[in-house]
Every structure is written in C-alpha cells, then in structure tokens.
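Q:
Residue numbers (the UniProt record's numbering): 1 to 223.
1) Under 8 Å by Cβ, that's how I've got residue 67 and residue 33 pegged, so tell me the actual separation to the nearest angstrom.
2) Thinking C-beta only, is residue 148 closer than 7 Å to residue 102?
3) Tell me whether residue 84 is buried or exposed, calling it buried when 16 or more other Cβ atoms sit within 10 Å of its Cβ.
4) Between the stretch 137–155 and the stretch 32–46, do three or more beta carbon pairs fall short of 8 Å?
5) Helix, strand or coil: how does DSSP classify residue 63 here?
6) Tell me which same chain residues have a C-beta within less than 6 Å of the C-beta of residue 13, skipping the five on either side of it?
7) Just to confirm my understanding: we take residue 177, look at its own chain, exclude 5 residues before and 5 after, and list those with CB closer than 6 Å. What are they?
8) In this structure, how does DSSP classify residue 32 when only helix, strand and coil are distinguished?
9) Our contact map puts residue 39 next to residue 62 with C-beta atoms below 8 Å; I'd like the distance itself, whole angstroms only.
10) Is DSSP giving residue 199 helix, strand or coil here?
11) Where residue 57 and residue 172 are concerned, what is the direct C-alpha to C-alpha distance, given to the nearest angstrom?
12) Quick check: the Cα distance between residue 131 and residue 188, rounded to an integer number of angstroms?
13) Can you check DSSP and say which residues form a bridge with residue 82?
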C-alpha cells in the first residue's frame, strides 16, 4: 500500500461511528443513567484534547438502539447518528427502563435495528457497543429458567445471519458484560462472528473506560 493510501486509511479510521446497543428493560435503569452521564466525558477524551487519547477521533457520530422484548408495546428506542453529545444525552434521558416479560429479551431485534442505521462509508471505524444483563431467546443461548421462546427467535432470525451482516458492513461488536447469564450467548455469537468478541465487565470498570478502550482498539486495528 502506498504512503498516500496508508495516510488516507489512517485518517478514515479516525472518523468513528459508535452505536450503543442497550437493553432498556426495568433492571437496566442504572446502566441507562451511566450511558447518559458518561457520554460527555467519552467525547471529551476521544476528540482532540490533552488526554493520552488525544486525536483518536476526528469525527465522532453517536447513536443509540434501546430494545425490550416482543411483548412490549414500545419495543425499541432509536436515535440515529448524531455528532451532538447534548442531543444524545437528551435522548437517553427520555428513555424509560421498563417492560420485559420473561428474563430473555429481544436481543436479535436490537441488533437488527442497529444494522438498519445509516452507517456511513466515510467512517472507517464502526462500533456497536452492546450492554445487556439478559440473553436472547432460545435455550441454545442461556441456562436460565423460563423462556417464552425456548426454541429461539420467534421471527426466525439467527446469529449467523446477523453477524454475517455485521462483518459485511465492517462493524466491530463489543460487549459490556453485567452478569454471567449472557456468557453462553456470547460464546455462540463468537462462533458466528468468527473472531473474538471483546467483553468488558462494566461492574468492575466504568462504562466510560470500557467504551474508550473498545473504540481505541477498533481504531488501532484499522490504522
């Protein structure tokens, strides 16, 4: 690759689209609040500043996909990409943590909505940061008790097709782990993705630290 092309690739990698994929059912209120409260600091650290991460992001576009379960009247909360941290904060502040029937949630629906966002070819780094305290439907993905859809997604979506689309769109997928009920799901997702899914234990480190680490990793591998 020529020096000019390397330079263009490096510049493109600093144009970042970051989608927060968030379970927004009743138990998730503390994490919704943390997402809202951390975004200003995340932007200030990643954009050109005097921090050790200075200049990681030349352009940073933010979006949020909140999902609940099939039984909920309002199943999704969607904010398309914005460059405004204030718009992001205001939107997240309006999202209530409610709904959810059985313990598993419509994770596949959330991923599908994230894939439907208007991802830009001008952004060389695309990241989905998924935060959840419950797995998707289907006994294949968890060892917990009652599941309204033990045979899997009622719309017959599969992790194979969803992660194929994630790869085709050159999107990185990172997971914010809250408890061990999602461990089996992530193992299955990893097989479908064909590479390691980086997990961040957001009960031990802050969401700010987790997201910054995820974004920096994604930018670095593209430079």
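Don't be surprised by glycine CBs; every beta carbon is placed ideally from N, CA and C.
A: Reading it off the structure:
1) For the purposes of this step, residue 67 is taken as residue 67 along the chain shown, with counting starting at 1. For the purposes of this step, residue 33 is taken as residue 33 along the chain shown, with counting starting at 1. No, residue 67 and residue 33 are not in contact; Cβ-Cβ is about 17 Å, not under 8 Å.
2) On the chain shown, residue 102 is found 102 positions in, with the first residue counted as 1. On the chain shown, residue 148 is found 148 positions in, with the first residue counted as 1. Cβ distance < 7 Å, so residue 102 and residue 148 count as in contact.
3) Locating residue 84 in the chain shown gives position 84, where the first residue counts as 1. Exposed, by the Cβ-count rule.
4) no
5) Within the chain shown, residue 63 is the residue found at index 63, counting from 1. The answer is strand: DSSP assigns residue 63 an E or B state.
6) Within the chain shown, numbered from 1, the residue matching residue 13 stands at position 13. Around residue 13: 124, 125, 219, 222 and 223.
7) As a first step, residue 177 must be located in the chain shown, where it is residue number 177. Same-chain partners within the cutoff: 199 and 201.
8) As a first step, residue 32 must be located in the chain shown, where it is residue number 32. The answer is helix: DSSP assigns residue 32 an H, G or I state.
9) Locating residue 39 in the chain shown gives position 39, where the first residue counts as 1. Locating residue 62 in the chain shown gives position 62, where the first residue counts as 1. So it is a contact: roughly 7 Å between Cβ atoms.
10) Reading the chain shown from its first residue, position 199 is the one you call residue 199. Strand, per DSSP.
11) Along the chain shown, read from residue 1 onward, the residue named residue 57 stands at position 57. Along the chain shown, read from residue 1 onward, the residue named residue 172 stands at position 172. Straight-line Cα distance between these residues: approximately 16 Å.
12) Here residue 131 corresponds to residue number 131 of the chain shown, with the count starting at 1. Here residue 188 corresponds to residue number 188 of the chain shown, with the count starting at 1. Each residue's alpha carbon lies about 17 Å from the other.
13) In the chain shown, the residue the question calls residue 82 occupies position 82. In DSSP, residue 82 forms a bridge with 62.
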